[in-house]
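Engineer: Have a look at this one.
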Amino acid sequence: MSTVTSPDQTGRKMTPKSMVGWGAVAIVGAVCWTVLALARGENVSALWILFAALSSYAIAYRFYSRFIAYRVLGVDNTRATPAERLENGVDFDVTDRRVLFGHHFAAIAGAGPLVGPVLAAQMGYLPGTIWIIVGVIFAGAVQDMVVLFFSMRRDGKSLGQMVREEIGTVGGIAALIAVFSIMIIILAVLALVVVNALAASPWGVFSIGLTIPIALFMGYYLRYLRPGRVMEVTAIGVVLLVLAILGGNYVQQMGLANALTLSPNKLVLALVVYGFLASILPVWMLLAPRDYLSTFMKVGVIVLLAVGLVIARPALQSQAVTSFALNGNGPVFAGKLFPFVFITIACGALSGFHALIASGTTPKMINKESHVRMIGYGGMLTESFVAISALIAASVINQGIYFAINSPVGSTGGQPGAASEFIRTLGFTISPADLAAAAKSVHEITLISRTGGAPTLAFGISLVFTKAFGGGLAAFWYHFAIMFEALFILTAVDAGTRVGRFMLQDTIGNVWHRYADISWKPASWSASAVVVALWGYMLYVGVNDPIGGIYQLFPLFGISNQLLAAIALTLCVTLLFKHGKARYVWVPGIALAWDLIITMTATWQKVFSDDVKIGFFQQRSVFQAALDKGALIKPAKTLDQMQQVITNVTVDGLLAALFALLTLTVVASAIPVWIKAARDGALPTTEVPRQPSHLVAPAELFATAQEKQAVREYEDSQRKLATAGRSR
Amino acid sequence: MRTHAIKAVRGIRWYLKQVSGEAKWDEYLQRARGEDMEPMSRRDFERHRSEHKENNPQARCC
Numbered sequence: 000m001s002t003v004t005s006p007d008q009t010g011r012k013m014t015p016k017s018m019v020g021w022g023a024v025a026i027v028g029a030v031c032w033t034v035l036a037l038a039r040g041e042n043v044s045a046l047w048i049l050f051a052a053l054s055s056y057a058i059a060y061r062f063y064s065r066f067i068a069y070r071v072l073g074v075d076n077t078r079a080t081p082a083e084r085l086e087n088g089v090d091f092d093v094t095d096r097r098v099l100f101g102h103h104f105a106a107i108a109g110a111g112p113l114v115g116p117v118l119a120a121q122m123g124y125l126p127g128t129i130w131i132i133v134g135v136i137f138a139g140a141v142q143d144m145v146v147l148f149f150s151m152r153r154d155g156k157s158l159g160q161m162v163r164e165e166i167g168t169v170g171g172i173a174a175l176i177a178v179f180s181i182m183i184i185i186l187a188v189l190a191l192v193v194v195n196a197l198a199a200s201p202w203g204v205f206s207i208g209l210t211i212p213i214a215l216f217m218g219y220y221l222r223y224l225r226p227g228r229v230m231e232v233t234a235i236g237v238v239l240l241v242l243a244i245l246g247g248n249y250v251q252q253m254g255l256a257n258a259l260t261l262s263p264n265k266l267v268l269a270l271v272v273y274g275f276l277a278s279i280l281p282v283w284m285l286l287a288p289r290d291y292l293s294t295f296m297k298v299g300v301i302v303l304l305a306v307g308l309v310i311a312r313p314a315l316q317s318q319a320v321t322s323f324a325l326n327g328n329g330p331v332f333a334g335k336l337f338p339f340v341f342i343t344i345a346c347g348a349l350s351g352f353h354a355l356i357a358s359g360t361t362p363k364m365i366n367k368e369s370h371v372r373m374i375g376y377g378g379m380l381t382e383s384f385v386a387i388s389a390l391i392a393a394s395v396i397n398q399g400i401y402f403a404i405n406s407p408v409g410s411t412g413g414q415p416g417a418a419s420e421f422i423r424t425l426g427f428t429i430s431p432a433d434l435a436a437a438a439k440s441v442h443e444i445t446l447i448s449r450t451g452g453a454p455t456l457a458f459g460i461s462l463v464f465t466k467a468f469g470g471g472l473a474a475f476w477y478h479f480a481i482m483f484e485a486l487f488i489l490t491a492v493d494a495g496t497r498v499g500r501f502m503l504q505d506t507i508g509n510v511w512h513r514y515a516d517i518s519w520k521p522a523s524w525s526a527s528a529v530v531v532a533l534w535g536y537m538l539y540v541g542v543n544d545p546i547g548g549i550y551q552l553f554p555l556f557g558i559s560n561q562l563l564a565a566i567a568l569t570l571c572v573t574l575l576f577k578h579g580k581a582r583y584v585w586v587p588g589i590a591l592a593w594d595l596i597i598t599m600t601a602t603w604q605k606v607f608s609d610d611v612k613i614g615f616f617q618q619r620s621v622f623q624a625a626l627d628k629g630a631l632i633k634p635a636k637t638l639d640q641m642q643q644v645i646t647n648v649t650v651d652g653l654l655a656a657l658f659a660l661l662t663l664t665v666v667a668s669a670i671p672v673w674i675k676a677a678r679d680g681a682l683p684t685t686e687v688p689r690q691p692s693h694l695v696a697p698a699e700l701f702a703t704a705q706e707k708q709a710v711r712e713y714e715d716s717q718r719k720l721a722t723a724g725r726s727r
Numbered sequence: 000m001r002t003h004a005i006k007a008v009r010g011i012r013w014y015l016k017q018v019s020g021e022a023k024w025d026e027y028l029q030r031a032r033g034e035d036m037e038p039m040s041r042r043d044f045e046r047h048r049s050e051h052k053e054n055n056p057q058a059r060c061c
């Protein structure tokens with residue numbers, strides 16, 4: 000067999016033509032950033048943000064990610080990947096780089112990059128823009144790519160396994176508990192976003208509810224009617240989905256409006272029951288078809304949003320930096336720009352959860368080592384672009400409406416009059432009539448205190464699309480956007496519950512072997528029930544929190560996601576040390592240092608701050624002292640609510656402290672390994688020894704003429720081998 | 000111009016088949032033919048694939 004390989008990329012020099020090209024990209028980027036830094040006032044176009052982002056991504060990808068791939072990691076395309084060595088057509092499966100990019104992107108991108116930036120917009124558009132772009136380039140995309148690489152070199156081991164084997168048992172156990180508990184928080188907060196989007200919205204409940212029978216139908220179709228025809232059934236599903244959204248407009252006429260106007264607690268119950276059933280039903284029935292729909296919607300809406308923004312060229316309505324960024328007294332979440340903007344925007348800038356996916360199925364499907372660059376780094380840049388689009392959509396909304404939607408009901412009172420007065424105290428003006436008109440324009444009962452980000456984003460998207468593609472459809476676009484967010488949050492909840500169940504069964508299985516048997520019903524049902532109960536409890540807490548579920552829990556979500564990133568980055572630093580690459584440790588090192596600074600500051604403030612708006616334990620003691628005297632503190636209206644606040648903040652504070660402690664345990668157990676490795680020059684690792692690769696494939700996204708020729712020759716030789724094999 | 004359009008449509012079709020996993024069946028048929036083996040029915044083949052998904056859930060991120 001021939002051992003032709005694609006040309007190595009390291010030796011390539013820049014041609015004068017490409018220098019001019021990249022110079023132009025750099026100039027566009029510099030101009031956009033200058034405009035963003037200097038322009039103030041009414042008419043700053045959103046496109047400056049869009050193009051500042053795109054040019055920065057392009058430069059970072061071309062130069063920084065290439066440096067990381069070829070210098071820091073030393074990707075080697077003559078070395079066989081696990082997919083090539085262990086190919087079994089199922090887990091280990093050599094996959095085209097562009098196809099794998101699609102799979103990986105669909106797995107990492109969800110509602111996170113849409114929600115965080117929307118909430119962070121309370122501090123103005125500039126802090127979020129800077130963090131999303133700088134954060135992804137130096138932290139988020141680096142983490143994704145480096146974890147993907149190291150997992151690939153270890154036959155696709157998971158993050159937890161790698162921490163245990165490369166750092167130590169204590170670190171490994173801490174990482175395992177951290178991963179599991181962080182996943183529970185993430186599921187609860189995502190579910191909370193859905194509840195807030197669907198409560199008192201019969202249209203939304205109608206169309207989201209119909210996705211269940213649609214998915215069941217698709218599952219039946221694929222199983223019995225026409226097995227395997229995924230594209231066909233997805234097309235049918237999407238048509239039905241659009242009909243479900245359109246049909247929602249007529250719930251009133253159908254006499255369903257009252258029945259479908261659900262209270263938040265009813266929705267919690269519905270979600271918990273749904274989550275449990277979805278995790279024990281066979282995947283072909285509900286989960287798989289839902290995933291097809293959600294992936295299609297995800298990509299479709301993102302592309303549509305980018306096109307819509309370019310056509311509509313909306314002007315930014317929010318200030319560059321609001322006073323909330325400096326005073327820390329914003330109504331959406333408490334705390335100052337540092338560290339809370341970095342906590343609120345996790346997905347899109349740096350998301351620890353991605354490390355689980357980069358050490359899951361993706362590393363087992365990579366064709367050539369150099370592909371970690373476009374899949375890991377490139378995939379995360381794409382997610383960052385989604386976050387930027389969401390930030391823009393939130394920043395083009397009238398600021399009075401933005402704050403009316405996003406302030407907790409304890410502040411706005413939930414009524415147009417009171418809300419309008421509250422907005423005035425924030426320094427913005429919006430009349431009660433305008434608030435009512437905004438809700439009416441998207442056929443919602445009210446938009447006041449619809450926290451969680453989804454309604455805001457949907458409102459922003461409907462503004463952009465109405466401007467870009469013509470009027471009259473504002474309500475349709477709003478519900479279209481709600482549907483798209485709810486759909487993939489529900490997919491994340493399904494899949495997350497299932498993954499959590501497997502983790503739990505696996506862990507308990509270490510002690511009680513039979514429990515690990517995934518086909519043993521008592522084990523799978525009880526493990527599912529435990530996982531659902533855990534996130535269901537946090538969801539219930541969030542929904543009924545008198546202070547506001549998003550206001551209290553979203554920071555916890557951000558902190559936990561970033562702490563997971565700290566664990567992943569600690570692993571990256573450890574492995575570079577152990578591989579004798581101490582001089583490149585700064586690459587994940589700066590990301591880790593920054594991540595630890597923001598997460599530890601944020602955790603410290605959330606746990607110990609004596610500002611009653613921020614510190615959970617301060618809230619506890621203030622509310623407890625008042626309750627002891629039988630007094631009420633706003634926004635609690637009854638003594639029961641006072642007690643509820645006390646219970647919730649105790650749980651929240653303990654969780655925040657627990658996550659930080661687990662992360663510090665991992666870091667602390669890694670430091671001795673760093674020192675030893677630095678002293679000895681290197682340490683043995685679990686990396687699988689090099690074996691030569693026989694596959695031929697282009698190294699980068701765009702194949703060179705030389706590479707195309709090499710691939711053609713390789714394919715011809717393979718075909719000849721196959722025919723020879725048959726005639727023998 | 001027309002050849003470009005045809006190429007683009009083919010490319011998109013190829014990509015969708017790959018991403019959706021439909022191409023797995025074609026690949027399997029081709030392999031079976033190469034190895035002179037009687038291929039299983041598509042229904043059985045897809046059941047095998049969904050059985051695997053059943054036990055190897057992939058997390059979806061936020």
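Protein chains in written order, with numbering that gives the first Met the number 0: chain Y, 0 to 727; chain W, 0 to 61. From the three backbone atoms N, C-alpha and C, an ideal C-beta is built for every residue, glycine too. Just so it is clear, the structure is predicted and the values come from calculations on it, not from any experiment.
Where do the ends of the alpha helix (DSSP H) carrying Trp511(Y) lie?
Structural biologist: Here Trp511(Y) belongs to no alpha helix (DSSP H), and DSSP marks it neither H nor E.
Engineer: Counting along the chain, where does the alpha helix (DSSP H) carrying Ala57(Y) start and finish?
Structural biologist: Element bounds for Ala57(Y): Leu46 to Ile58.
Engineer: Within the chosen definition, does the segment 240 to 252 of chain Y reach the segment 204 to 216 of chain Y through at least 3 CB pairs nearer than 8 Å?
Structural biologist: Counting Cβ pairs under 8 Å, three or more are found: they touch.
Engineer: Going along the chain, which residues of its own chain have a beta-carbon closer than 7 Å to the beta-carbon of Gly127(Y), five neighbours each way excluded?
Structural biologist: The answer, listed in chain order, is Pro116, Ala119, Ala120, Val340, Ile344 and Leu390.
Engineer: Put Thr646(Y) into one of helix, strand or coil per three-state DSSP.
Structural biologist: Looking at Thr646(Y) - three-state DSSP - the assignment turns out to be helix.
Engineer: Measuring only between beta-carbons, confirm whether Asp594(Y) sits less than 8 Å from chain W.
Structural biologist: It does not: the Cβ of Asp594(Y) has no partner Cβ on chain W nearer than 8 Å.
Engineer: Cβ closer than 7 Å: which chain Y residues qualify as neighbours of His51(W)?
Structural biologist: Result: Val89.
Engineer: Please return the same chain residues whose Cβ sits closer than 8 Å to the Cβ of Phe50(Y), not counting the five positions on each side in sequence.
Structural biologist: Cβ within range, chain order: Val27, Gly28 and Cys31.
Engineer: Output the distance between the C-alpha atoms of Ser64(Y) and Leu113(Y), rounded to the nearest integer angstrom.
Structural biologist: Whole-angstrom Cα-Cα distance: 25 Å.
Engineer: Our contact map puts Met364(Y) next to Asp92(Y) with C-beta atoms below 8 Å; I'd like the distance itself, whole angstroms only.
Structural biologist: That pair is a contact at about 5 Å.
Engineer: Taking the C-alpha atoms as reference points, what is the distance between Ala601(Y) and Ala256(Y)?
Structural biologist: Distance between the alpha carbons of Ala601(Y) and Ala256(Y): 43 Å.
Engineer: Give the residues of chain Y in contact with Leu28(W), contact being defined as C-beta atoms less than 9 Å apart.
Structural biologist: The premise fails here: Leu28(W) is roughly 11 Å from chain Y at the closest Cβ pair, so nothing lies under 9 Å.
Engineer: Can you tell me which of the three DSSP states Ile365(Y) falls into?
Structural biologist: It is a strand residue.
Engineer: If distances are taken between C-alpha atoms only, which option among Val510(Y), Ala565(Y) and Val395(Y) comes closest to Leu349(Y)?
Structural biologist: Selected option, being the one with the closest Cα: Ala565(Y).
Engineer: Under three-state DSSP, which class holds Thr94(Y)?
Structural biologist: It is a strand residue.
Engineer: Could you check whether Phe337(Y) and Pro554(Y) sit closer than 8 Å to each other, using their CB atoms as the reference points?
Structural biologist: Going by C-beta atoms, Pro554(Y) is not nearer than 8 Å to Phe337(Y).
Engineer: Distance cutoff 8 Å, beta carbons only. Does Ala485(Y) sit that close to anything in chain W?
Structural biologist: No, no contact with chain W.
Engineer: Assuming Ala696(Y) contacts Asn397(Y) under a Cβ cut-off of 8 Å, what Cβ separation, rounded to an integer in Å, is found between them?
Structural biologist: Between Asn397(Y) and Ala696(Y) the Cβ distance is about 51 Å, and since that is not below 8 Å, they are no contact.
Engineer: Taking all protein chains shown into account, decide if Trp519(Y) is buried (16 or more other Cβ within 10 angstroms of its Cβ) or exposed.
Structural biologist: With fewer than 16 Cβ atoms within 10 Å of its Cβ, Trp519(Y) is classed as exposed.
Engineer: Straight-line CA distance for Met284(Y) to Arg222(Y)?
Structural biologist: So the alpha carbons of these two residues sit roughly 8 Å apart.
Engineer: Mark Ser448(Y) as exposed unless 16 or more other C-beta atoms lie within 10 angstroms of its C-beta, in which case mark it buried.
Structural biologist: Its Cβ being crowded by 16 or more others within 10 Å, Ser448(Y) is buried.
Engineer: Between Ala58(W) and chain Y, is any beta-carbon pair separated by less than 8 Å?
Structural biologist: Answer yes: the Cβ-Cβ gap between Ala58(W) and chain Y drops below 8 Å somewhere.
Engineer: Got a sec, what are the start and stop residues for the alpha helix (DSSP H) Met253(Y) sits in?
Structural biologist: No alpha helix (DSSP H) holds Met253(Y); DSSP gives it neither H nor E.
Engineer: For Gly351(Y), is the beta carbon positioned less than 7 Å from some heavy atom of the ligand SAM?
Structural biologist: Among the ligands in the structure shown, none appear at all, so the ligand SAM cannot be discussed.
Engineer: Strictly under 8 Å for the Cβ-Cβ distance: is Val8(W) near chain Y by that measure?
Structural biologist: Not closer than 8 Å to any Cβ of chain Y, the Cβ of Val8(W) fails to qualify, so no.
Engineer: Looking only at its own chain, which residues have a Cβ that is under 7 Å from the Cβ of Val687(Y), when we skip the five neighbours before and after it?
Structural biologist: So the list reads Arg152, Arg153 and Asp154, once near-sequence residues are dropped.
Engineer: Going along chain W, which residues have a C-beta under 8 Å from His102(Y)?
Structural biologist: Residues of chain W passing the Cβ test: Val18.
Engineer: Between which two residues does the alpha helix (DSSP H) harbouring Gln690(Y) extend?
Structural biologist: Run containing Gln690(Y): none; DSSP gives neither H nor E here.
Engineer: Would you please verify whether the beta carbon of Ile365(Y) is less than 8 Å from any beta carbon of chain W?
Structural biologist: Not an interface residue.
Engineer: Between the C-alpha atoms of Gly652(Y) and Asn560(Y), what's the straight-line distance to the nearest angstrom?
Structural biologist: Their Cα atoms are separated by approximately 16 Å.
Engineer: Could you tell me whether any Cβ in chain Y is nearer than 8 Å to the Cβ of Val45(W)?
Structural biologist: In the sequence under discussion, the amino acid at residue 45(W) is Glu, which differs from the Val named in the question. Closer than 8 Å: yes.
Engineer: Cα-Cα, which of Ser44(Y), Thr465(Y) and Tyr60(Y) is closest to Thr381(Y)?
Structural biologist: Comparing Cα positions, the closest option is Tyr60(Y).
Engineer: Tell me where the alpha helix (DSSP H) around Thr14(Y) begins and ends.
Structural biologist: Premise fails: Thr14(Y) is in no alpha helix (DSSP H) and is neither H nor E.
Engineer: Ignore the nearest five residues each way along the sequence and tell me which others in Arg500(Y)'s own chain have a CB closer than 7 Å to its CB.
Structural biologist: Excluding positions up to five away in sequence, the list reads Ser278, Ser523, Ala526, Ser527 and Val530.
Engineer: For the segment 491 to 502 of chain Y, which residues have a CB atom closer than 7 Å to at least one CB atom of chain W, in sequence order?
Structural biologist: Under the 7 Å Cβ criterion, the segment 491 to 502 of chain Y contributes Ala491, Ala494, Gly495, Arg497, Val498 and Phe501.
Engineer: Does the segment 491 to 498 of chain Y come close enough to the segment 257 to 275 of chain Y that 3 or more CB-CB pairs lie under 8 Å?
Structural biologist: With the cut-off at 8 Å, the segment 257 to 275 of chain Y and the segment 491 to 498 of chain Y touch.
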